[in-house]
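J.: This structure is in structure tokens; I'll ask about it shortly.
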Amino acid sequence: MEEGRLDGNIMDQELYMSKDIVEAFMFCASSRELWVAIQMRYGRSNGPKFYQLQREISTMSQQDLDLTAYLTKVTKLWNELDCLAPSPRCTCGACTCGINKAIAYLASSTKLMQFLMGLHESYNGERSQILMMDPLPDVEKAFSMVYAIEK
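To convert, count from 1 in the sequence shown and add 63; that's my numbering.
Below you can see the structure in the form of structure tokens.
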């Protein structure tokens, strides 16, 4: 192996590191092992960012934003949170226990509640109608219902 160059088994790209770092990690058997070792040594806790996102989502409100801007803002926070802490998934292959579907429904319902809690109070009637639906709609459907009334 050339100095400062690591070829990954999985990755087509090359990683360049200083000689000292290469020597510290040169006995890693795979790209995955290298990544885990570097993450353990240099990685930082996601706790503060996780807290910040959860707090922003829980205190998010539409205020003077139009409905589309509000949905865009809260969706951005949800996407960041999903990247930081993805939902668990069944790893048994062809999931027959239904856990993936249950987890997806829980995540969808949680996002719906967060969206509805932040809506301006002028939408109280629409909020009540949506909450009475069985099954609960996803955020996109709820947005569509409120948006139709707003127009």
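C-beta atoms are modelled at their ideal positions from N, C-alpha and C, and glycine is treated no differently.
Can you give me the C-alpha to C-alpha distance between Ser81 and Asn109, rounded to a whole angstrom?
T.: Cα to Cα, the separation comes out at about 26 Å.
J.: Measure the alpha-carbon distance for Gly231 versus Leu182 and round it to whole angstroms.
T.: Given a span of 64 to 214 for the chain in the structure shown, any question on residue 231 remains unanswerable.
J.: For Met196, does the three-state DSSP call read helix, strand or coil?
T.: Correct three-state label for Met196: coil.
J.: Measure the C-alpha to C-alpha separation of Arg68 and Lys174 and round it to an integer number of angstroms.
T.: Confidence is the limiting factor: at Arg68 the pLDDT is only 48, short of 50, which leaves the residue's position unreliable, though a coordinate-based value still follows. Going from the Cα of Arg68 to the Cα of Lys174 covers about 44 Å.
J.: State yes or no: is the C-beta of Phe178 within less than 7 Å of the C-beta of Val209?
T.: Their beta carbons are not under 7 Å apart, which means Phe178 does not touch Val209 by this criterion.
J.: What three-state label does DSSP hand Asp129 in the structure shown?
T.: Residue state, collapsed to three classes: coil.
J.: May I ask you to report which of helix, strand or coil DSSP gives Thr135?
T.: Note: Thr135 maps to helix in three-state DSSP.
J.: Just how far apart, CA to CA, sit Ser207 and Thr122?
T.: Roughly 23 Å separates the two Cα atoms.
J.: In the DSSP assignment, find the alpha helix (DSSP H) that holds Thr122 and state where it starts and stops.
T.: Where Thr122 is concerned, the enclosing alpha helix (DSSP H) stretches over Gly110 to Thr122.
J.: The alpha helix (DSSP H) spanning Asp83 covers which residue range?
T.: That run of the alpha helix (DSSP H) goes Lys82 to Phe88.
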